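Engineer: For what it's worth, our numbering labels the leading residue of the first sequence as 1337, then goes sequentially. Quick one: structure below, then a few questions.
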Amino acid sequence: MTTTTPDVLHTRVLDWYADHARSLPWREPGCSPWGVLVSEVMLQQTPVARVLPRWREWLDRWPTPSDLAAEPPGEAVRAWDRLGYPRRALRLHAAAVAIRDEHGGRVPADHAQLLALPGIGAYTAAAVASFAFGQRHAVVDTNVRRVHARAVTGDAEPAPSLTAAENRLAVALLPQDEATAARWAVAVMELGALVCTARSPRCDACPLLDRCAWVLAGRPAHAGPTRRGQAWAGTDRQVRGKLLAVLRASPDPVPAADLDACWPDAAQRARCLDGLVADGLVEPLADGRFTLPRT
DNA sequence: CACGCGTGGAA
DNA sequence: TTTCCAAGCGT
């Protein structure tokens, strides 16, 4: 239970955002909804600094969904470069096709229609509806969850996965006015990204310092179980990454021998290649070579 | 619902 | 060096 009224949180965070927001190209007034959507998908689990150059290239090459939809999906995977989780590139291409075929080439403003697009989940649908179309939605990402956990709930970290209680809290905190709600959504996220960070929060720079439930409680350590980091060395994910890197680097289809060279364990290599084919990230050709997907 | 899914910079 | 972690999604 908090004694701080939402109005104070809104004023503090919105004023802070007005002074400290980063100038990012997808926040420019002239940025299209498509530009916002592309940025949101690229930013799923990938840092802003790494996204920036790829985002500019994408929007320059494919300024509309129909431009991307006209290309083979493999071109999206190649242009994705090393942003990671390349299935996102495939889904973004599929979303572009759906936007062209089912929405007249225009990114839909409706939350449910956004949610129905490939690769667009609860967070991204709300983010696009809010950031690109100025609507009132609870936009709950990892930054927002961390700010809410500390400032409102008084916990050092949010729960391992998004809970119904967190969603209820985010809805309860939304300003009533639509335009204010949209600014609040991006402002809280920015606060979590720049000040209320995961590792070393800069509480001295926080506009909520004197109202933060976690600080007022003496910054107690995280109570729950420590979440396990993802293993990497020797995992299928590493092997998939190596296989796909070979295919991205080659403008032409690649002989199987080139893929064999990138990982010593033949069984794991074969399993991963099969997985990539099943995912639609790799296309096997009749002559035994492999390529990024053409269809 | 817990898990698998890439990548690389910073602490 | 190792570990953490960065605007999640789909199954």
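All C-beta atoms, glycine included, are put in the ideal place defined by N, C-alpha and C. Please read these numbers as outputs of a predicted model, since none were measured by experiment.
Let me check one thing: in DSSP terms, what residues is T1627 bridge-paired to?
Structural biologist: If you number the first sequence from 1, residue 1627 lands on position 291. Partner(s): E1619.
Engineer: When DSSP labels each residue in this structure, what does V1575 get in the three-state scheme?
Structural biologist: Locating residue 1575 in the first sequence gives position 239, counting from the first residue. In the structure shown, V1575 sits in a helix (DSSP, three-state: H, G or I).
Engineer: In the DSSP assignment, what are the bridge partners of V1590?
Structural biologist: Numbered from its first residue, the first sequence carries residue 1590 at position 254. Beta-bridge pairing links V1590 to F1626.
Engineer: Does the distance from the C-beta atom of L1426 to that of A1448 stay below 8 Å?
Structural biologist: Start at 1 with the first residue of the first sequence, and residue 1426 comes out as number 90. Start at 1 with the first residue of the first sequence, and residue 1448 comes out as number 112. No, these two residues do not count as a Cβ contact at 8 Å.
Engineer: So A1474 packs on A1506, CB below 8 Å; how close in whole Å?
Structural biologist: Mapped onto the first sequence, residue 1474 falls at position 138. Mapped onto the first sequence, residue 1506 falls at position 170. Contact flag correct, Cβ pair sits at about 4 Å.
Engineer: Could you have a look at I1456 and say whether DSSP puts it in helix, strand or coil?
Structural biologist: Counting from 1 along the first sequence, the entry for residue 1456 is found at position 120. Of the three classes helix, strand and coil, the one that applies to I1456 here is coil, per DSSP.
Engineer: With burial defined as no fewer than 16 other Cβ atoms inside 10 Å of the residue's Cβ, what is the status of L1424: buried or exposed?
Structural biologist: Mapped onto the first sequence, residue 1424 falls at position 88. Note that residue 1424 is Arg in the sequence shown here, rather than Leu. Answer is buried; the Cβ neighbour count reaches 16.
Engineer: Excluding sequence positions up to five away, which residues of its chain have a Cβ less than 7 Å from the Cβ of H1356?
Structural biologist: As a working note, residue 1356 is residue 20 in the first sequence. These residues qualify, in order along the chain: L1530.
Engineer: So, is D1572 buried or exposed, given that buried needs 16 or more other C-beta atoms within 10 angstroms?
Structural biologist: For the purposes of this step, residue 1572 is identified with residue 236 of the first sequence, where counting begins at 1. Classification of D1572: exposed, given that the 10 Å Cβ count is below 16.
Engineer: Nearest CA to the CA of L1617: which residue from L1580, D1601, R1607, D1596?
Structural biologist: Taking the first residue of the first sequence as 1, we reach residue 1617 at position 281. Checked all of L1580, D1601, R1607, D1596; the closest Cα to L1617 is L1580.
Engineer: Where does L1621 land, buried or exposed, given buried means 16+ other C-beta within 10 angstroms?
Structural biologist: If you number the first sequence from 1, residue 1621 lands on position 285. So L1621 ends up on the exposed side.
Engineer: Can you tell me which of the three DSSP states A1614 falls into?
Structural biologist: Numbered from its first residue, the first sequence carries residue 1614 at position 278. Residue state, collapsed to three classes: helix.
Engineer: DSSP three-state call for L1552: helix, strand or coil?
Structural biologist: Translated into positions along the first sequence, residue 1552 becomes position 216. Helix at L1552.
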